[in-house]
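*Asks:*
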Amino acid sequence: MIRYVVRRAALAVVVVAGVVILTFVIADVVPGDPAASWAGPHASAAQIARARQYLGLDQPLAVRIGKYFGGIVTGNWGTSIHTHRPVLSDIATAAPATIELVIAALIIGVVVGVPLGLAAARWPGSLGDHAIRAGSVLGVSMPVFWLALILQLVFAQRLRLLPVAGQYDPNLVFSHPLVTRTQMPVLDSLISGNWAMLGSTLEHLILPALVVAAYPAGVIARMVRAQVLDTVGEAHVQMVRSLGFPERTVFGTFAMRLAWNPVATVLALVFAYSLVNTFLVESIFDWPGLGSYAAAAISTLDTPAIVGVTLFVAIVYVACNLIVDLVQAALDPRIRLR
Amino acid sequence: MTALLRKSPLITAGGVIALLIVLVALAAPLLAPYPPDAIHPEMALQAPSLHHLFGTDQVGRDVFSRVLYGARVSPLVALLVLVFACAVGIPLGVLAGYFGGAGDEVIMRVTDIFLAFPSLLLALAFAAVLPPSLTSLTIAITITWWPWYARLVRGQAASVAGRPYVEACRALGIPSWRILLRHVLPNSVTPVIVQVSLDFGGVILTASALSFLGLGAQDPTPDWGLMVAEGENYFTTQWWLVTFPGLAILVTALAFTLLGDGLRDVLDPKRVVLR
Chain E
1 MIRYVVRRAA LAVVVVAGVV ILTFVIADVV PGDPAASWAG PHASAAQIAR ARQYLGLDQP
61 LAVRIGKYFG GIVTGNWGTS IHTHRPVLSD IATAAPATIE LVIAALIIGV VVGVPLGLAA
121 ARWPGSLGDH AIRAGSVLGV SMPVFWLALI LQLVFAQRLR LLPVAGQYDP NLVFSHPLVT
181 RTQMPVLDSL ISGNWAMLGS TLEHLILPAL VVAAYPAGVI ARMVRAQVLD TVGEAHVQMV
241 RSLGFPERTV FGTFAMRLAW NPVATVLALV FAYSLVNTFL VESIFDWPGL GSYAAAAIST
301 LDTPAIVGVT LFVAIVYVAC NLIVDLVQAA LDPRIRLR
Chain B
339 MTALLRKSPL ITAGGVIALL IVLVALAAPL LAPYPPDAIH PEMALQAPSL HHLFGTDQVG
399 RDVFSRVLYG ARVSPLVALL VLVFACAVGI PLGVLAGYFG GAGDEVIMRV TDIFLAFPSL
459 LLALAFAAVL PPSLTSLTIA ITITWWPWYA RLVRGQAASV AGRPYVEACR ALGIPSWRIL
519 LRHVLPNSVT PVIVQVSLDF GGVILTASAL SFLGLGAQDP TPDWGLMVAE GENYFTTQWW
579 LVTFPGLAIL VTALAFTLLG DGLRDVLDPK RVVLR
């Protein structure tokens, strides 16, 4: 068990190192001078040279990569060319908003996906089954940035049912100021019992969360359907059925039981996928998270920020997978970790 | 065949639409009422009408014509990505699986590195540091895509390498390259064919997403993702600018995913793959 964790962690380190080296090398080959953009449009040659020295760009590539790796461990992820702030503190500021969004999306994904998958498996080949399968493929094939724009236009701008963008109503800041503890507005207003603010934050969360939930809901519905159809023929489920349990229980409790495990695996994968999807969605909804930060970094060619965000998401992804493996092994003694 | 079609109307629909998209791509110059890059400032931002079915954009180009021509951009990128990814992944996978040893170990660890990330993230990181163009886009997605195929083929090739007929070939003194080409390769590629057909929609979505972020096609190119990005600024009043190109992405990805799903059910019913 400990050997397994160590091995997986070592592999993850190699993975992250490989990606960092590759991005550094590509960024080095590409024309464009980060020092010039750091110093600003009207900088003199001397100012640019000073910026180059400050950013460490005057050193050879190998030295810079070596320094970067040293920095990763000590918490120095470089300085953003765009915001002029340490990349790690930028990420720490932006991450909670994104994590709140992704978690909300995954909750919607499970709440929608599991019952639909179960229904499809219970009446396979029926019209409902076909509709649910079509819907799940639709969710998986949806260009999220487009869905975001369409939902924003219809529900926020035309029907005026929901707010267009942002995390909460800025007018509430004066009457019901938000005490920030976790940087997640929903959680913060819940903790401090700020009900007016809670309503506003939830209202603002609906559209972006729905957009990000399209993919998880589709994948989960598909997965549950396939898993339940697979287990429903097995002896223990047949046995439960012959004991006279109602079909609802046979499916919902006994057949679904074995499907939770793969759903958990998928959730870990989908978590990371949704994290990347927020890169496409957040700037549309003015959501001050990692996605907006990454989009700004990309448009300003801010390499330290791009590498930093990649690194962060990669670490989250690897950690998610590791946790799921361990939890599964703990829950199901048939799984042996190697 | 007809029984299959009746059994799954979704696959049939996917196949028909996919075929239509290929036809549109081939016949775009014949079908499009206007050249895709003809600028008419006096006709800018016109709502859909009989003259301009999908309206016109901010510089007066016909959106319908641009959407039709768009069938030649991101689907072509997807095709190239898949061809290149197979060209790299399949040979490496076959060699690794057949010969095993240190080379196998190295190739598999390298694929481990790539498979440990969501592919969109890696493609995004590479595309972000390359100068934005369709070529960079194709390279960035290919870099993240080939390991999946190398992995798949490697597993198959390793199992084929141990089968009696391959051992018989070896005992007969047939050279390795001939065994690889005539026996191992043909018996290992089926899962890849299935996966490629499933991936087509995914690559189109990835390519469109990167173009939407400004990392792919550049302005006069009639790329769907780029058109959505360009229309975003005018979207609240001119809904057609974003709606139609985005719909084209959705329909294309949907059609190829349905088709790939169907092919998988037919060729390889036991596998469920998630990207």
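Taken in sequence, the protein lines are chains E and B.
The first sequence begins at 1 in my numbering and counts up one residue at a time.
The second sequence begins at 339 in my numbering and counts up one residue at a time.
Idealized CB from N, CA, C, for every residue including glycine.
On a predicted model such as this, the values are computed, not experimentally measured, just so you know.
Assuming contact is defined by CB atoms lying nearer than 8 Å, are residue 318 of chain E and residue 15 of chain E in contact in what I supplied?
*Replies:* In the first sequence, counting from the first residue as 1, residue 318 of chain E sits at position 318. In the first sequence, counting from the first residue as 1, residue 15 of chain E sits at position 15. Closer than 8 Å, so yes.
*Asks:* Is the stretch 220-239 of chain E close to the stretch 116-131 of chain E, with three or more CB pairs under 8 Å?
*Replies:* Segments in contact, yes.
*Asks:* Would residue 611 of chain B pass as an interface residue toward chain E - the criterion being a Cβ-Cβ separation below 8 Å?
*Replies:* Locating residue 611 of chain B in the second sequence gives position 273, counting from the first residue. Low local confidence applies: a pLDDT of 44 at residue 611 of chain B is under 50, so the model's placement there is unreliable, and no value is given.
*Asks:* For a quick check, are the C-beta atoms of residue 283 of chain E and residue 292 of chain E less than 8 Å apart?
*Replies:* Within the first sequence, residue 283 of chain E is the residue found at index 283, counting from 1. Within the first sequence, residue 292 of chain E is the residue found at index 292, counting from 1. Closer than 8 Å, so yes.
*Asks:* From residue 609 of chain B to residue 602 of chain B, what distance separates their C-alpha atoms?
*Replies:* Translated into positions along the second sequence, residue 609 of chain B becomes position 271. Translated into positions along the second sequence, residue 602 of chain B becomes position 264. The pLDDT assigned to residue 609 of chain B is 49, lower than 50, so where the model puts this residue is not dependable; a value taken from the coordinates is nonetheless given after this. The straight-line gap from Cα to Cα measures roughly 8 Å.
*Asks:* Based on Cα-Cα distance, which residue from E:213, E:192, E:186 and E:191 lies nearest to residue 200 of chain E?
*Replies:* In the first sequence, residue 200 of chain E corresponds to position 200, counting from 1. Minimum Cα distance to residue 200 of chain E is reached at E:186.
*Asks:* Within 10 angstroms of its Cβ, does residue 612 of chain B collect 16 or more other Cβ (buried), or is it exposed?
*Replies:* Your numbering for residue 612 of chain B matches position 274 in the second sequence. Interpretation of residue 612 of chain B is limited by its pLDDT of 41, a score under 50 that renders its predicted location unreliable; no figure is taken from the coordinates.
*Asks:* Cβ of residue 124 of chain E less than 8 Å from any chain B Cβ?
*Replies:* One-based indexing of the first sequence puts residue 124 of chain E at position 124. No - not a single Cβ of chain B is within 8 Å of the one on residue 124 of chain E.
*Asks:* Should residue 72 of chain E be flagged as near chain B, meaning a C-beta pair shorter than 8 Å?
*Replies:* On the first sequence, position 72 is the one that residue 72 of chain E refers to. No, no contact with chain B.
*Asks:* Would residue 130 of chain E pass as an interface residue toward chain B - the criterion being a Cβ-Cβ separation below 8 Å?
*Replies:* Here residue 130 of chain E refers to the residue found at position 130 when the first sequence is read from its first residue. So yes, residue 130 of chain E belongs to the interface.
*Asks:* What three-state label does DSSP hand residue 28 of chain E in the structure shown?
*Replies:* Sequence index remark: in the first sequence, residue 28 of chain E carries index 28 (1-based). Of the three classes helix, strand and coil, the one that applies to residue 28 of chain E here is helix, per DSSP.
*Asks:* In the DSSP assignment, what residue or residues form a beta bridge with residue 557 of chain B?
*Replies:* Along the second sequence, read from residue 1 onward, the residue named residue 557 of chain B stands at position 219. Beta-bridge pairing links residue 557 of chain B to no other residue.
*Asks:* Distance check for residue 352 of chain B and residue 395 of chain B, CA to CA, integer angstroms please.
*Replies:* Taking the first residue of the second sequence as position 1, residue 395 of chain B is located at position 57. Taking the first residue of the second sequence as position 1, residue 352 of chain B is located at position 14. Rounded to the nearest angstrom, the two C-alpha atoms are 30 Å apart.
*Asks:* The alpha helix (DSSP H) that contains residue 442 of chain B, what's its start and end?
*Replies:* Walking along the second sequence from the start, residue 442 of chain B turns up at place 104. 439-453 is the extent of the alpha helix (DSSP H) around residue 442 of chain B.
*Asks:* Verify the CB distance criterion: does residue 256 of chain E have a CB-CB separation below 8 Å to chain B?
*Replies:* For this step, residue 256 of chain E is matched to residue 256 along the first sequence. So, not an interface residue.
*Asks:* Under three-state DSSP, which class holds residue 436 of chain B?
*Replies:* Sequence index remark: in the second sequence, residue 436 of chain B carries index 98 (1-based). If DSSP states are grouped into helix, strand and coil, residue 436 of chain B belongs with the helices.
*Asks:* Which residues of chain E have a Cβ atom closer than 9 Å to the Cβ of residue 485 of chain B, listed in chain order?
*Replies:* In the second sequence, counting from the first residue as 1, residue 485 of chain B sits at position 147. Within chain E, no residue comes near residue 485 of chain B; the closest Cβ sits about 12 Å away, beyond 9 Å.
*Asks:* Just checking my contact of residue 526 of chain B with residue 504 of chain B at CB under 8 Å: how many whole Å lie between their CB atoms?
*Replies:* Reading the second sequence from its first residue, position 188 is the one you call residue 526 of chain B. Reading the second sequence from its first residue, position 166 is the one you call residue 504 of chain B. Contact flag wrong, Cβ pair sits at about 11 Å.
*Asks:* Would you verify that the beta carbon of residue 570 of chain B is, or is not, closer than 8 Å to some beta carbon of chain E?
*Replies:* Mapped onto the second sequence, residue 570 of chain B falls at position 232. Closer than 8 Å: yes.
*Asks:* In or out: residue 339 of chain E buried (at least 16 other Cβ within 10 Å) or exposed?
*Replies:* Here chain E covers residues 1 to 338 and nothing more, so residue 339 of chain E does not appear.
*Asks:* I'd like the list of long-range same chain contacts for residue 102 of chain E, defined as Cβ closer than 7 Å, with 5 residues on each side in sequence excluded.
*Replies:* Residue 102 of chain E sits at position 102 when you count from the first residue of the first sequence. So the qualifying residues of the chain are 212, 271, 274, 275 and 278.
*Asks:* From the DSSP output, which residues share a beta bridge with residue 86 of chain E?
*Replies:* Against the first sequence, residue 86 of chain E aligns to sequence position 86. E:79, per the DSSP bridge assignment.
*Asks:* Within its chain, find whatever has a CB closer than 8 Å to the CB of residue 240 of chain E; leave out the 5 residues flanking it on each side and keep chain order.
*Replies:* What you label residue 240 of chain E is simply residue 240 of the first sequence in a count that begins at 1. Cβ within range, chain order: 249, 250 and 254.
*Asks:* Quick one: list the residues of chain E neighbouring residue 577 of chain B, beta-carbon separation under 7 Å, in chain order.
*Replies:* Counting from 1 along the second sequence, the entry for residue 577 of chain B is found at position 239. The contacting residues are 153.
*Asks:* Any Cβ of chain E within less than 8 Å of the Cβ of residue 581 of chain B?
*Replies:* Reading the second sequence from its first residue, position 243 is the one you call residue 581 of chain B. It does: the Cβ of residue 581 of chain B has a partner Cβ on chain E nearer than 8 Å.
*Asks:* Between the beta-carbon of residue 572 of chain B and the beta-carbon of residue 564 of chain B, is there less than 8 Å?
*Replies:* Here residue 572 of chain B is taken as the residue at index 234 of the second sequence, counted from 1. Here residue 564 of chain B is taken as the residue at index 226 of the second sequence, counted from 1. Cβ distance not < 8 Å, so residue 572 of chain B and residue 564 of chain B don't count as in contact.
*Asks:* What are the complete alpha helix (DSSP H) segments, minimum 4 residues, inside the stretch 490-556 of chain B?
*Replies:* The qualifying runs are 502-509, 514-517 and 528-550.
*Asks:* On the DSSP bridge list, what partners appear for residue 400 of chain B?
*Replies:* The residue labelled residue 400 of chain B in the question sits at position 62 within the second sequence. Per DSSP, B:394.
*Asks:* Mind the definition here: the stretch 432-443 of chain B touches the stretch 462-480 of chain B only if three or more C-beta pairs lie below 8 Å; say whether that holds.
*Replies:* The stretch 432-443 of chain B is not in contact with the stretch 462-480 of chain B.
*Asks:* Under 8 Å, do residue 374 of chain B and residue 407 of chain B count as touching if we go by C-beta distance?
*Replies:* Reading the second sequence from its first residue, position 36 is the one you call residue 374 of chain B. Reading the second sequence from its first residue, position 69 is the one you call residue 407 of chain B. Taking 8 Å as the Cβ cut-off, residue 374 of chain B and residue 407 of chain B qualify as a contacting pair.
*Asks:* Output yes if chain E places a C-beta closer than 8 Å to the C-beta of residue 498 of chain B; else output no.
*Replies:* Along the second sequence, one-based indexing puts residue 498 of chain B at 160. Chain E contact via Cβ: absent.
*Asks:* Evaluate the contact criterion for the stretch 141-149 of chain E versus the stretch 541-556 of chain B: three or more CB pairs, one atom per stretch, below 8 Å.
*Replies:* Flag = yes, the stretch 141-149 of chain E and the stretch 541-556 of chain B touch.
*Asks:* Would you mind sorting residue 209 of chain E into buried or exposed? The rule is 16 or more other CB atoms within 10 Å of its CB.
*Replies:* As a first step, residue 209 of chain E is located in the first sequence; it is residue number 209 there, counting from the start. Classification of residue 209 of chain E: buried, given that the 10 Å Cβ count is 16 or more.
*Asks:* Can you find the residues in the same chain that come closer than 8 Å, C-beta to C-beta, to residue 440 of chain B, ignoring five residues on each side of it along the sequence?
*Replies:* Here residue 440 of chain B corresponds to residue number 102 of the second sequence, with the count starting at 1. Closer than 8 Å at the Cβ level, and outside the excluded window around residue 440 of chain B, lies no residue.
*Asks:* Rounded to whole angstroms, what's the CA-CA distance from residue 369 of chain B to residue 362 of chain B? Just pull it up for me.
*Replies:* Position 31 of the second sequence, counted from the first residue, corresponds to residue 369 of chain B. Position 24 of the second sequence, counted from the first residue, corresponds to residue 362 of chain B. Residue 369 of chain B and residue 362 of chain B: Cα-Cα distance of roughly 8 Å.
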